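Everything below concerns the one structure shown next.
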Amino acid sequence: MPSVRDIYKFDELTWPEVNEAVAMGKIPIIPTGSVEQHGHHLPLKVDHLCANAVATEAARLRPELSLVLPPVSYGYVHHVMDFPGSLNIHFEHFIQYVLDICKSLAYHGFKKMIIVNGHGSNHPLCELVARRLIVETDASCAFCSWWQMLTLNPEFMPNWRESVYPGGCAHAGELETSMLMHLAPELVRTDKIKSEIAKTNGMGSKYIYVDLFGGGPMGLVEWTSQYSDSGVMGEAEKATAEKGKLAFEEASRNLADFIAEYYERK
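Here my numbering = 1-based position in the sequence shown + 220.
What follows is the structure, encoded as structure tokens:
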């Protein structure tokens, strides 16, 4: 059997090994996502699949420093309930559920943890979890949405991205479709891939537009069907498996580097 130093999946430990992991200062990683529509060409599991894949690969790269937990697969998708298959968790329930996981880890002695999110509307909720954890326990929590790990190298996105900005990488667009083409190509309905830019972007407003890599200065929450007929918001037709591989490796590597930095942080 591998040593605790080499085990990077939390639920593969025995309870005595959890104590060893705590003594080693290992950092638990909690992937969060959602079950929601992703157009005609992608499955409902995109968000938690991507977050879990990046978190797991980062932990694999740094097994001596980290442990990835099973993903929190359901999230806050209230605004997407106008599309079948979207399963909503009330935002207060989501916060409390993820916080309970983090507080359990703190109770057992872990002092640092990371939430790796895969669904945009979960992001502010993950921040609230981190804020509550620091005042309600003696542990700290860092958090990100996995695609933020693509912004560290200023040369990566300009060389990787071909879709229009803003709007080409918003929802089920170039990025998420590329990731699924790499991680789970058998789940991509390639014959149904079709680009659609959100209607909010098409209005040409300098205040309201959406993109994973920078939205407008003004937020506007509407039902998804008000700004997308298909559920897609982005240029999915510009996705490739090679782009997905590059994005997956970049995000995972940068997250692994952060784990090492966070481990050394006093």
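All C-beta atoms in this analysis are idealised placements derived from N, C-alpha and C, irrespective of residue type, glycine included. Note that this is a predicted model, so its numbers are computed, not measured.
*asked:* Quick check: what's the CA-CA separation for Tyr-447 versus Met-301?
replied: For the purposes of this step, residue 447 is taken as residue 227 along the sequence shown, with counting starting at 1. For the purposes of this step, residue 301 is taken as residue 81 along the sequence shown, with counting starting at 1. Looking at the two C-alpha atoms, the distance is approximately 14 Å.
*On the three-state DSSP scale, how would you describe Gly-422?*
On the sequence shown, position 202 is the one that residue 422 refers to. Gly-422 falls in the helix class under three-state DSSP.
*Would you be able to state if there are at least three C-beta pairs under 8 Å between the region 388-399 and the region 454-465?*
Three or more pairs of CB atoms, one per stretch, sit closer than 8 Å, so the region 454-465 contacts the region 388-399.
*Enumerate in chain order the residues of its own chain whose CB-to-CB distance from Gly-259 is below 6 Å, with the five nearest sequence positions on each side excluded.*
Position 39 of the sequence shown, counting from 1, holds the residue named residue 259. Taking C-beta separations shorter than 6 Å and ignoring five residues to either side along the sequence, the partners of Gly-259 in its chain run Ala-392, Ser-450, Gly-451 and Val-452, following chain order.
*I think Asn-337 touches Cys-364, with their Cβ atoms under 8 Å apart; what is that distance to the nearest whole Å?*
The residue you call residue 337 lines up with position 117 of the sequence shown. The residue you call residue 364 lines up with position 144 of the sequence shown. A Cβ-Cβ distance of about 7 Å is found for the pair Asn-337 and Cys-364, placing them in contact under the 8 Å criterion.
*Going by the CB atoms, is the gap between Asn-272 and Pro-291 shorter than 9 Å?*
If you number the sequence shown from 1, residue 291 lands on position 71. If you number the sequence shown from 1, residue 272 lands on position 52. Against a cut-off of 9 Å, the Cβ pair of Asn-272 and Pro-291 comes out as a contact.
*Grouping DSSP H, G and I as helix and E and B as strand, with all else coil, what is Val-452?*
In the sequence shown, residue 452 corresponds to position 232, counting from 1. Val-452: coil per DSSP, three-state reduction.
*Separation of Ser-254 from Tyr-303, as counted between CA atoms*: Here the question's residue 303 lines up with position 83 in the sequence shown. Here the question's residue 254 lines up with position 34 in the sequence shown. The sequence as given places Phe at residue 303; Tyr does not occur at that position. Rounded to the nearest whole angstrom, the CA to CA distance from Phe-303 to Ser-254 is 14 Å.
*From this set, His-328, Lys-229, His-261 and Glu-394, which residue's C-alpha is nearest Ile-250's C-alpha?*
In the sequence shown, residue 250 corresponds to position 30, counting from 1. With distances taken between Cα atoms, Ile-250 lies closest to Lys-229.
_Per DSSP, cross-strand counterpart(s) of Glu-416_ = For the purposes of this step, residue 416 is taken as residue 196 along the sequence shown, with counting starting at 1. Answer by DSSP bridge pairing, in chain order: Gly-454.
_Residues sharing a beta bridge with Lys-465, DSSP_ = Taking the sequence shown and counting its residues from 1, one reaches residue 465 at position 245. Beta-bridge pairing links Lys-465 to no other residue.
*What is the DSSP secondary structure of Ser-293, counted as helix, strand or coil?*
For the purposes of this step, residue 293 is taken as the residue at position 73 of the sequence shown. Here Ser-293 sits in coil by DSSP.
*Rounded to the nearest angstrom, how far is the Cβ of Ala-206 from that of Pro-405, given a contact under 8 Å?*
The displayed coordinates of the chain run from 221 to 486. Any statement about residue 206 would go beyond what the structure contains.
*Return the CA-CA distance between Phe-478 and Ser-293, expressed in angstroms with no decimal places.*
As a working mapping, residue 478 is identified with position 258 in the sequence shown. As a working mapping, residue 293 is identified with position 73 in the sequence shown. Straight across, the Cα-Cα distance linking Phe-478 with Ser-293 is about 23 Å.
_Along the chain, where does the beta strand (DSSP E) containing Ala-362 start, and where does it finish?_
Start at 1 with the first residue of the sequence shown, and residue 362 comes out as number 142. Going by DSSP, Ala-362 is part of the beta strand (DSSP E) stretching over 360-365.
*Per DSSP, cross-strand counterpart(s) of Met-333*: In the sequence shown, residue 333 corresponds to position 113, counting from 1. Its beta-bridge partners are Cys-361.
*Can you tell me whether Ala-326 is buried or exposed, with buried defined as 16 or more other CB within 10 angstroms of its CB?*
Within the sequence shown, the letter at position 106 stands for residue 326. Around the Cβ of Ala-326, a 10 Å sphere holds 16 or more other Cβ atoms; the residue is buried.
_What does the Cβ neighbour count give for Met-221, buried or exposed, with the cut at 16 atoms within 10 Å?_
The count along the sequence shown starts at 1 and reaches residue 221 at position 1. With fewer than 16 Cβ atoms within 10 Å of its Cβ, Met-221 is classed as exposed.
_Tell me which residues share the same chain as Leu-345 and place their Cβ nearer than 7 Å to its Cβ, disregarding the 5 neighbours each side in the sequence._
The residue given as residue 345 occupies position 125 in the sequence shown. So the list reads Tyr-296, Phe-311, Phe-314 and Ile-315, once near-sequence residues are dropped.
*In terms of alpha-carbon separation, which member of Ser-425, Arg-485 and Leu-395 lies closest to Asp-267?*
The residue you call residue 267 lines up with position 47 of the sequence shown. When only C-alpha atoms are compared, the closest one is Leu-395.
*Can Glu-284 and Lys-332 be called in contact, C-beta distance under 9 Å?*
For the purposes of this step, residue 284 is identified with residue 64 of the sequence shown, where counting begins at 1. For the purposes of this step, residue 332 is identified with residue 112 of the sequence shown, where counting begins at 1. Against a cut-off of 9 Å, the Cβ pair of Lys-332 and Glu-284 comes out as no contact.
*Among Ala-459, Gly-340 and Tyr-317, which residue has its Cα nearest to the Cα of Gly-435?*
Working through the sequence shown from its first residue, we reach residue 435 at position 215. Nearest C-alpha to Gly-435: Gly-340.
_Excluding the 5 residues flanking Leu-287 on each side, which residues of the same chain have their C-beta closer than 8 Å to its C-beta?_
Residue 287 sits at position 67 when you count from the first residue of the sequence shown. In its chain, beyond the 5 residues on either side, Ile-227, Tyr-228, Lys-229, Phe-230, Leu-233, Ala-241, Lys-246, Ile-247, Pro-248, Ile-249 and Ala-279 have a beta carbon closer than 8 Å to the beta carbon of Leu-287.
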